[in-house]
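J.: All residue numbers for the sequence shown refer to numbering that gives the first Met the number 0, where the first residue is 0 and numbers rise by one.
Don't be surprised by glycine CBs; every beta carbon is placed ideally from N, CA and C.
All figures in this text were calculated on a predicted structure; none of them were measured in a lab.
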Amino acid sequence: MVESDGFFGGEAIVVIDATGSEMIPQDGEDVPIQVTGEVAQLVIADIEREYGIGLDPNLYAQYEEQPAIIAQSIALAPDPEELAENPEAYYNRVVAVEADVAKVYSPNAYTLGEEGWFRNGELLVVGVTPNSELNIQDQPEAQYVTVTGVLRPYISSEFEREYDLTWDLDLQQEIEAEYTEKPVLAATDVYPSAVEE
């Protein structure tokens, strides 16, 4: 069950994880999540057949015929301060981060920044190149985005190999000096945030 003031009049809604990712917060974890998917009427037999998911009828019977979100992606969405204070808790997990683009190093390397974040106030993002709709290269300061990906410590050799980074030596040295062993978001998707700043 997910609760939010932002949809269905603040009512809780069932989320069916069709991703198989098991990225839902662990028991006792009080972390917001970001769910992207399709809203559908919960008909247990139809969901089981269409998505190959076994649903416990005793657990879901009370939600039959009510709206549900069939999740196509699920990411932890911790507050930026929580992410900055305890990044190790999110290492190697899919997270969603909403923030302003602060600095652009290259089309597939930029920082997100908010007051109170990390030592230098910014989180390095490496990976997916934003679509042309965002235009962060020309107007970074005007972009409030959501980036999803896996948070991990920056180890230059791994990132260079995995993302075919072609940074010049000066940029490579700057990134290494600032971010080695620091949290970096290995991005899989970036899009304009649906949340107001």
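Going by DSSP in three states, I174 sits in which element: helix, strand or coil?
T.: In the structure shown, I174 sits in a helix (DSSP, three-state: H, G or I).
J.: Looking only at its chain, what residues have a beta carbon closer than 6 Å to the beta carbon of L123, apart from the 5 residues adjacent to it on each side?
T.: Counting only Cβ-Cβ distances below 6 Å, and skipping sequence neighbours, we find T110, Y178, V183.
J.: Just how far apart, CA to CA, sit A39 and A83?
T.: 36 Å
J.: Per DSSP, K102 forms a beta bridge with which residues?
T.: Among the bridge pairs identified by DSSP, K102 is matched with T110.
J.: Determine whether the beta carbon atoms of R48 and L75 lie at a separation below 8 Å.
T.: Result no, Cβ atoms of R48 and L75 do not sit closer than 8 Å.
J.: Locate the beta strand (DSSP E) running through L184, then write down its first and last residues.
T.: 182-191
J.: In the DSSP output, what is S72 paired with across the bridge?
T.: For S72, which the question treats as bridged, DSSP gives the partners T35.
J.: Three or more C-beta pairs closer than 8 Å, one from the stretch 89-109 and one from the stretch 154-169: is that the case here?
T.: yes
J.: Quick check on A17: buried or exposed, where buried means 16 or more other Cβ atoms within 10 Å of its Cβ?
T.: buried
J.: Run through DSSP, which three-state label would E121 get?
T.: Residue state for E121 is assigned as strand, using DSSP reduced to three classes.
J.: Between the Cα of G148 and those of R160, G126, E80, spot the shortest distance and give me the residue it belongs to.
T.: For the set R160, G126, E80, the Cα lying nearest the Cα of G148 is the one of G126.
J.: For the stretch 29-46 against the stretch 62-72, are there 3 or more C-beta pairs whose distance is under 8 Å?
T.: yes
J.: Please report the Cβ distance between D99 and Y143, rounded to the nearest whole angstrom; I am assuming they are in contact, meaning their Cβ atoms lie under 8 Å.
T.: Under the criterion of beta carbons closer than 8 Å, D99 and Y143 qualify as touching, at roughly 5 Å.
J.: Start and end of the beta strand (DSSP E) containing I15?
T.: 13-16
J.: Write down the C-beta distance between I52 and I15 rounded to the nearest angstrom, noting that I regard them as a contact closer than 8 Å.
T.: 7 Å
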